[in-house]
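As given, the protein sequences belong to chains F and S, one line each in that order.
Here this note's numbering is used: position 217 in the first sequence is 217, and no number is missing along the way.
Position in the second sequence (from 1) plus 543 gives the number in this note's numbering.
So the structure is just underneath, and the comments pick up after that.
Protein chains: 2
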Amino acid sequence: MTVSKRAAKATEESLHRIFTIPEAPDSTLGRIEQEMSQNLAGFLGAHIAAKEMALSEIERDFACSEIPEQPTFVSEHMHHLLNKLVAQSVHTSSPSFIGHMTSALPYFILPLSKLMVGLNQNLVKIETSKAFTPLERQVLGMMHRLVYRDNEAFYQQWMHSANHSLGAFCSGGTVANLTALWVARNNLLKANGDFKGVAREGLYQALKHYQYDGLAILVSSRGHYSLKKSADVLGIGQDSVIAIPTDANNKVDCQLLRAKCQELTEKNIRVLSIVGVAGTTETGNIDPLVEMAEIAQQYQCHFHVDAAWGGATLLSEKHRSLLKGIELADSVTIDAHKQMYVPMGAGLVVFKNPSSVAAIEHHAEYILRKGSKDLGSHTLEGSRPGMAMLVYASLHVISRPGYELLINQSIEKANYFADLIDQHPDFELVTKPELCLLTYRYNPAVVQSLLVSSDKKQQDQINVLLDKLTKFVQKRQRENGKSFVSRTRIEVQKYHGRKTLVFRVVLANPLTSKDILTDILAEQIELAQESRNVLPKLISLAS
Amino acid sequence: MTVSKRAAKATEESLHRIFTIPEAPDSTLGRIEQEMSQNLAGFLGAHIAAKEMALSEIERDFACSEIPEQPTFVSEHMHHLLNKLVAQSVHTSSPSFIGHMTSALPYFILPLSKLMVGLNQNLVKIETSKAFTPLERQVLGMMHRLVYRDNEAFYQQWMHSANHSLGAFCSGGTVANLTALWVARNNLLKANGDFKGVAREGLYQALKHYQYDGLAILVSSRGHYSLKKSADVLGIGQDSVIAIPTDANNKVDCQLLRAKCQELTEKNIRVLSIVGVAGTTETGNIDPLVEMAEIAQQYQCHFHVDAAWGGATLLSEKHRSLLKGIELADSVTIDAHKQMYVPMGAGLVVFKNPSSVAAIEHHAEYILRKGSKDLGSHTLEGSRPGMAMLVYASLHVISRPGYELLINQSIEKANYFADLIDQHPDFELVTKPELCLLTYRYNPAVVQSLLVSSDKKQQDQINVLLDKLTKFVQKRQRENGKSFVSRTRIEVQKYHGRKTLVFRVVLANPLTSKDILTDILAEQIELAQESRNVLPKLISLAS
């Protein structure tokens, strides 16, 4: 054998090995797995570096653009990943990281995910997913029933019907919202006479046929950015997403919404959809869905509810009334990877009418044959993993009352934290929790008094400084790595609608304790003192 | 304590447990994990039922639409999943299942997936993914370089640049193709004078502004159905996807393509994009990309290459020339979950020009702030898991030469199987492999002779019977569960372009042996004899 042939032979053997020989339990990867299985929190705590490294520094470890010409041993590569990647990842499940919408996962999810990967099903068609297809349909049925509460006969009739679908699984809320608006658009601009429908002829012909001067999607100014993205993708245009101002509680102002519908209609702009938000990303508030549904009814438009965050609240008998009116929506987005404690990649949308999805039906020769039950004929995505299994297992292991408890606890915790902030002289609660989200800022008592007695101009000056302080504290706290709150900029009514920087907190991690919350405030006070110019300037203004 | 309070307390404790107490190694889930870790093929072989159950029967196990009111113990639920779900799933990694594009996975992928889930990063923004963001950018850089082979300086300049992106990760090829066409549409119909661009004003205003009577996307008749879906979603309309006939080798006919471009241009229909296919889903053939690029250049339109399947061939020095011209494409789709042996959920698109993605840029207050390096500002999806880590690890552990070997072996195996079929008197090879895909059918020698001597009408009659036979054999083989080939319907030139049913085979599983291939043919011959009416009728026609 020549040298090169021998090398090729060696590569071939090592390749065969990685497909056939399992990782030994005492290999690096085997040990990592064991560590994770035995103590996930411990593993993450031990391997994720607390102190934040600058991104530019991390980038140096990911600078090579060439695909390696030499294979690396798995164990060697695992050391590399632990040192360079895991160490510099984000501890999303830490109970003191209360700024994310991702939180801790139940233990059983980890081995179950491994099973999902090992099975490597493709949900696009039955041929590559068999029982996963009815399972996904069942999960969609359960989530549909959670929202719409139709009777048993309804679900027996539609859940497994080939030409119907109670919803669509997708990678996340953005694709779910996009799917809902796609369905709405195609149903509004459907085939009619000579016109073959927007799905076939496109928007230009559709608007010409229906003689509209444009379309509009109406949502509160707290609506998620994915709606604008969807409007762009769908060819409707971002400017067609019209932001309706909210009231003091971050809920859409229905009077303004109605007036805007009327105004657009008079201008021959067709309202395609009104979108209610059930748990805004920034403040967690829920729109007045019943009234919105009435307006949608009046203007004969699609009513979509973006409950990506808040939808799981329906699992709580105690709090589900907060989402009253959601059952009137034509479509509802819910992210299982948020408050349902499933890993990233599990969004879904449910449709009130099982026939809605006919508007986006697709077929192909080799798959999705007409009359088949292939899920791919009604989804935006094609090939997709079997994430539905993780939702299914969670619904069974945690059960509805278990989820209720988790949801109720989160809301209680948010109220507790809100009280803590409210009662503290040097903090200002900016938005009260309706679900488990709230916003606040560090604002020394003397400055708060000054703000009350100031005119708008002076208030603005003070708020500019407070914004700086909030940003400083949030960044510094993140960099220190002990705890994390996020920050956002929201219009605050008492400051004449000024866009104000605030800490944003999401209290969904069941392991976040009251002590942790107390510590976070204490750390923020400390950090605020470290701001070299800002805090002294504020204090001097106030004295 | 009252009974209900006690019950609530118990639920609370059990909930706390699932978040804090690991699954014991001797629990059901622990044992499943061990079984999988030690012998994945054995685990799948033991738990997936060979004999297929009717879908209607499986559906009975997934019929309940109510979310459980009682929690189930994890171990109990795992038994349920093994019996009802895993048993009735599809053995996609079996070496004798050669009809899928998903195949076996290397062992290290399983624990690595568990690590990915445990870390639960969200790639939409740095705040929830930190080092995963530069890692994903690096993988996109590597894949970009694989396609475009730009120099080192190019990658150092653009790979980590905040306002640029060499591509986008996404859940699969459909979203990748959609993203590419979205970028193409927005760049073509960009802001101009008073017109603010299609992204903001939508397609109706865009076509009015640019005074086009429509848009068109041109692709061979073998193009993937996701292109029509994309055209629908993007508001261009499915009918705007124009299928150009292929030659005898399933490659687009460039003369017809050019003529169609000219015809459309004269009709004031703007060609938005020409799409080359590099590995058609049904036959694995590759379009003449160099010539297509020339035509795209001439008509000043976007040139996209859908290399979801074939893109990985670029890793083979021996075969990469098959994709010559791919470096001229403006965008290229590659699915890592196909020939890169990564689990379901890893598609990507790369863009020649790092500025292309500016056309789909999105920002929001709380994330994706301008100037940030958040990946979410250039992706269709929002929240996304850290799948890039699995591609990254595979590129390092397998390395370029390792992938080359896998690719080369697959192609050799396909050629071997093609010879086997060709030399067998009772089989008819319908399409020869260019990559590792081929199509064929069972067709007894006497019937083959008859076909040659028949006129078109008689050929059609025979082919109708042969279609029945192919369907019968394919279904029966699938139901028996020992092996699996898929089936599709393709136009066959020697039968005057008649859409003919064929077996479709994908030989990407490195563990598929020559013996398995021989056995599959033997089984098909046996099964054909079981067709009650069809085979005897064919034979009697021929004698």
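We treat Cβ as the ideally placed atom computed from N, Cα and C, and that holds for glycine.
| Item | Value |
| --- | --- |
| Does the distance from the C-beta atom of residue 528 of chain F to that of residue 492 of chain F stay below 7 Å? | no |
| From this set, S/720, S/1001 and S/944, which residue's C-alpha is nearest residue 10 of chain F's C-alpha? | S/944 |
| Is the CB-CB distance between residue 59 of chain F and residue 897 of chain S below 7 Å? | no |
| Kindly indicate the opening and closing residues of the beta strand (DSSP E) around residue 501 of chain F. | 498-506 |
| In whole angstroms, what is the alpha-carbon distance linking residue 530 of chain F and residue 282 of chain F? | 27 Å |
| If we define contact as Cβ-Cβ less than 7 Å, is residue 698 of chain S a contact residue for chain F? | yes |
| Less than 6 Å between C-beta atoms, sequence neighbours within five positions excluded: which residues of the same chain meet that for residue 331 of chain F? | 180, 304, 349 and 351 |
| Identify every run of the beta strand (DSSP E) within the stretch 689-748 of chain S, keeping only runs that are complete inside it and at least 3 residues long; order them along the chain. | 710-713 |
| Since residue 788 of chain S meets chain F, which of its residues come closer than 8 Å, beta carbon to beta carbon? | Going along chain F, no residue has its Cβ under 8 Å from residue 788 of chain S, so there is no contact; the nearest lies around 16 Å. |
| Do the CB positions of residue 185 of chain F and residue 234 of chain F come within less than 7 Å of each other? | yes |
| Between residue 565 of chain S and chain F, is there a C-beta pair that is closer than 7 Å? | yes |
| Which residues, in chain order, does the stretch 204-227 of chain F contribute to contact with chain S at a C-beta distance below 9 Å? | 204, 205, 206, 207, 208, 212, 213, 214, 215, 224, 225 and 226 |
| Measure the alpha-carbon distance for residue 626 of chain S versus residue 79 of chain F and round it to whole angstroms. | 37 Å |
| Pick from S/842, S/1053, S/640 and S/905: whose alpha carbon is nearest that of residue 1024 of chain S? | S/640 |
| Which residue's Cα is closest to the Cα of residue 742 of chain S: S/726, S/753, S/756 and S/876? | S/726 |
| If the cut-off is 8 Å on Cβ atoms, which residues from the stretch 505-520 of chain F count as contacting chain S, listed in chain order? | 510 and 511 |
| Could you check the C-alpha separation between residue 193 of chain F and residue 210 of chain F for me, to the nearest Å? | 11 Å |
| What are the residues that DSSP puts in a beta bridge with residue 525 of chain S? | Absent from the model: residue 525 of chain S. The displayed extent of chain S is 544 to 1086, so no value can be given. |
| With a floor of 3 residues, list each beta strand (DSSP E) that falls wholly inside the stretch 792-836 of chain S, ordered by position along the chain. | 812-820 |
| Select from S/983, S/841, S/630 and S/1011 the residue whose C-alpha is nearest the C-alpha of residue 1076 of chain S. | S/1011 |
| Locate the alpha helix (DSSP H) running through residue 573 of chain S, then write down its first and last residues. | 571-581 |
| Please name the residue in S/885, S/784, S/738 and S/1013 whose C-alpha comes closest to that of residue 1028 of chain S. | S/1013 |
| Taking C-beta to C-beta, are residue 608 of chain S and residue 141 of chain F nearer than 7 Å? | yes |
| Have a look at residue 268 of chain F and residue 788 of chain S and give me their C-alpha separation to the nearest angstrom. | 42 Å |
| Could you name the residues of chain B that residue 374 of chain F contacts, counting a contact when the two beta carbons are closer than 9 Å? | Absent from the structure is chain B; the protein chains it does hold are F and S. |
| Could you tell me how far apart the beta carbons of residue 187 of chain F and residue 356 of chain F are, in whole angstroms, since I believe they sit closer than 8 Å? | 7 Å |
| With distances taken between CB atoms, is the gap from residue 931 of chain S to residue 670 of chain S smaller than 7 Å? | no |
| Looking at chain F, is there any beta carbon in it that lies within less than 7 Å of the beta carbon of residue 671 of chain S? | yes |
| Pick out whichever of S/581, S/928 and S/902 has its Cα sitting closest to the Cα of residue 921 of chain S. | S/902 |
| Can you grab the Cα-Cα spacing for the pair residue 864 of chain S / residue 329 of chain F, in whole Å? | 53 Å |
| With DSSP as the reference, label residue 501 of chain S as helix, strand or coil. | For residue 501 of chain S there is no data in the structure shown, the boundaries of chain S being 544 and 1086. |
| Which class does residue 885 of chain S belong to by DSSP, given the choice of helix, strand or coil? | coil |
| So what does DSSP say about residue 334 of chain F, is it helix, strand or coil? | strand |
| Any Cβ of chain F within less than 7 Å of the Cβ of residue 580 of chain S? | yes |
| Kindly list, in the order they appear in chain S, the residues whose Cβ is closer than 7 Å to that of residue 182 of chain F. | 776 |
| Of all the alpha helix (DSSP H) runs that stay within the bounds of the stretch 650-690 of chain S, which reach a length of 4 or more residues? | 652-662 |
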